[in-house]
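S.K.: The sequence shown stops at residue 349 when you use this note's numbering, and every number in between is there.
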Amino acid sequence: MESPASEARWILESVSGLVFDALLIEEAPATIRAERKVNALLERRLTGEPLQYVLGEWSFRDLDLLVDPRVLIPRPETEILVEIALLEAALLGMRIGSADPWADSGRDHVVVDLGTGSGAIAIALERSLPDAQVWATDVSSDALAVARANIAGTGATRVMVGEGAWFDALPLQLKGNLMLVVSNPPYIAEHEESDLSTEVIDWEPYGALISGPTGLEAIEEILMASVEWLAPGGVIVIEHAPHQAEAVVTLAEATGLKDARVHPDLTGRPRVLVARNPH
71 MESPASEARW ILESVSGLVF DALLIEEAPA TIRAERKVNA LLERRLTGEP
121 LQYVLGEWSF RDLDLLVDPR VLIPRPETEI LVEIALLEAA LLGMRIGSAD
171 PWADSGRDHV VVDLGTGSGA IAIALERSLP DAQVWATDVS SDALAVARAN
221 IAGTGATRVM VGEGAWFDAL PLQLKGNLML VVSNPPYIAE HEESDLSTEV
271 IDWEPYGALI SGPTGLEAIE EILMASVEWL APGGVIVIEH APHQAEAVVT
321 LAEATGLKDA RVHPDLTGRP RVLVARNPH
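#1: Return yes when the Cβ of Leu248 is within less than 8 Å of the Cβ of Ala27, no when it is not.
#2: Which residue comes first and which comes last in the alpha helix (DSSP H) that contains Leu125?
#3: Would you kindly report the start and end of the unbroken alpha helix (DSSP H) that includes Ser296?
#4: Distance, Cα to Cα, Asp132 vs Val216?
#5: Please classify Thr148 as buried or exposed, where buried requires at least 16 other C-beta atoms within 10 Å of its C-beta.
#6: Following the continuous alpha helix (DSSP H) through Glu323, name the residue where it begins and the one where it ends.
#7: Quick check: the Cα distance between Leu199 and Val180, rounded to an integer number of angstroms?
#8: Between the alpha carbons of Gly338 and His313, how many angstroms are there, rounded?
#9: Is Glu291 closer than 8 Å to Ile280 when the C-beta atoms are compared?
#10: Roughly how many angstroms separate the alpha carbons of Asp207 and Glu158, rounded to a whole number?
#11: Under the three-state reduction of DSSP, which class applies to Glu274: helix, strand or coil?
#12: In terms of DSSP beta bridges, what is Trp205 paired with?
#13: Could you round the C-beta distance between Ala352 and Val204 to whole angstroms and report it? I think they count as a contact, below 8 Å.
#14: Between Glu298, Ile166 and Pro334, which lies nearest to Asp238 when the distance is taken from Cα to Cα?
#15: In its own chain, which residues sit with a C-beta less than 6 Å from the C-beta of Gly326, not counting the 5 before and 5 after it?
#16: Below 7 Å, is the gap between the Cβ of Ala295 and the nearest heavy atom of the ligand ZN?
#17: Do three or more CB pairs link the region 219–231 to the region 267–280 at distances below 8 Å?
#18: Using 8 Å for Cβ pairs, my map puts Glu274 next to Ile143. What's the rounded Cβ distance?
#19: Taking only three categories from DSSP, how would you classify Leu240?
#20: Which of the three DSSP states, helix, strand or coil, is assigned to Leu195?
#21: With a Cβ-Cβ cutoff of 8 Å, do Leu111 and Ile81 count as a contact?
#22: Between the beta-carbon of Pro255 and the beta-carbon of Ala213, is there less than 8 Å?
#23: Just the C-alpha distance for Ser253 and Gly118, rounded to the nearest angstrom, thanks.
#24: Could you round the C-beta distance between Ile166 and Val251 to whole angstroms and report it? I think they count as a contact, below 8 Å.
#25: State the CB to CB distance for the pair Val152 and Leu195, rounded to an integer number of angstroms; the pair is presumed to be in contact (CB under 8 Å).
#26: Which residue marks the beginning of the alpha helix (DSSP H) containing Ile150, and which one marks its end?
#27: Just to confirm before moving on: does the CB-CB distance between Leu350 and Ile150 stay below 8 Å?
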């Protein structure tokens, strides 16, 4: 959570369209309309609604994305997930960098973001993998409405959208041909719900947070299906809770994936599983 002063600045900047330093030297009085909008946003925040939903947008890497209670709020941990996915993409031989606006869009590789939510991961991958076709899937039609808006708003023309549970949302012809699969699935156990702040559990989509009794249900389902969908040598990258590190490696190895390892997040806690399909 930001400090109250920082949150007030975010709201003022959002309403005015000016950075805070410019507001300090702005001599024109605020309009009645602007004052009413600020008050309305403050009232929403005072009810406990997360600042990101109050503003209606939030940044993820170099993206400004639409966010509302239909999707999870993008977090720094997931930016690390994208960074690790891009490292793996480079190791797989994919070209990293911005797309050439004068060249034809690349379609040499297929990359998938399972459970895309706002579309943050899929769009970030598309922006950095100029030769990739990216698929963004989600079981929630509400979440996909947000994702589609963000895809259109960012001009991510190489992102395709599929509705359904995990791999079921993808065309069957992709089975066995995926070089990179990335996911930030629900990984909180039901008994851990009470550990979440009210801002999280009262506002963010329950199904995107809570996986089931153990917290590993979604991760296990994805890993089990990934062996059939990944191409030989293809890689899967999954965000998980720090205390699940040993369990997710065990699950990956049990499904037949190889080279399973966990990477740390910005605080040094184990956060991202990487595993390879050897078949």
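Ideal Cβ positions, reconstructed from N, Cα and C, are used throughout, including at glycine.
Please read these numbers as outputs of a predicted model, since none were measured by experiment.
M.R.: The short version:
#1: Lying before the first or after the last residue shown, residue 27 is absent from the chain, which here runs from 71 to 349.
#2: Per DSSP, Leu125 belongs to the alpha helix (DSSP H) from Leu121 to Leu125.
#3: It spans Glu287 to Trp299 - the alpha helix (DSSP H) in which Ser296 sits, taken as one unbroken run.
#4: C-alpha separation (whole angstroms): 18 Å.
#5: So Thr148 counts as buried.
#6: DSSP places Glu323 inside the alpha helix (DSSP H), whose first and last residues are Ala315 to Ala324.
#7: Approximately 10 Å, taken between the alpha carbons.
#8: Near 13 Å, if we compare the C-alpha coordinates of His313 and Gly338.
#9: In this structure, Ile280 sits away from Glu291, with a CB-CB distance that is not shorter than 8 Å.
#10: A quick correction: the sequence has Thr, not Asp, at residue 207. Each residue's Cα considered, the two are about 20 Å apart.
#11: Here Glu274 sits in coil by DSSP.
#12: DSSP lists Val182 and Met230 as partners of Trp205.
#13: Coverage of the chain is limited to positions 71 through 349, which leaves residue 352 absent and any answer about it impossible.
#14: Taking only the C-alpha atoms, the option nearest Asp238 is Glu298.
#15: Hits under 6 Å: Val297.
#16: The ligand ZN is not part of the structure shown, which contains no ligands of any sort.
#17: With the cut-off at 8 Å, the region 219–231 and the region 267–280 do not touch.
#18: 7 Å between Cβ atoms; contact.
#19: In the structure shown, Leu240 adopts coil according to DSSP, grouped into three states.
#20: The answer is helix: DSSP assigns Leu195 an H, G or I state.
#21: Yes. Within cutoff.
#22: No.
#23: Taking the straight line from one Cα to the other gives about 28 Å.
#24: Their Cβ separation, rounded to whole angstroms, is 18 Å, which puts Ile166 and Val251 out of contact at 8 Å.
#25: So it is a contact: roughly 7 Å between Cβ atoms.
#26: Taken as a continuous stretch (DSSP letters only), the alpha helix (DSSP H) holding Ile150 covers Pro146 to Leu161.
#27: No answer is possible for residue 350: the residues shown for the chain start at 71 and end at 349.
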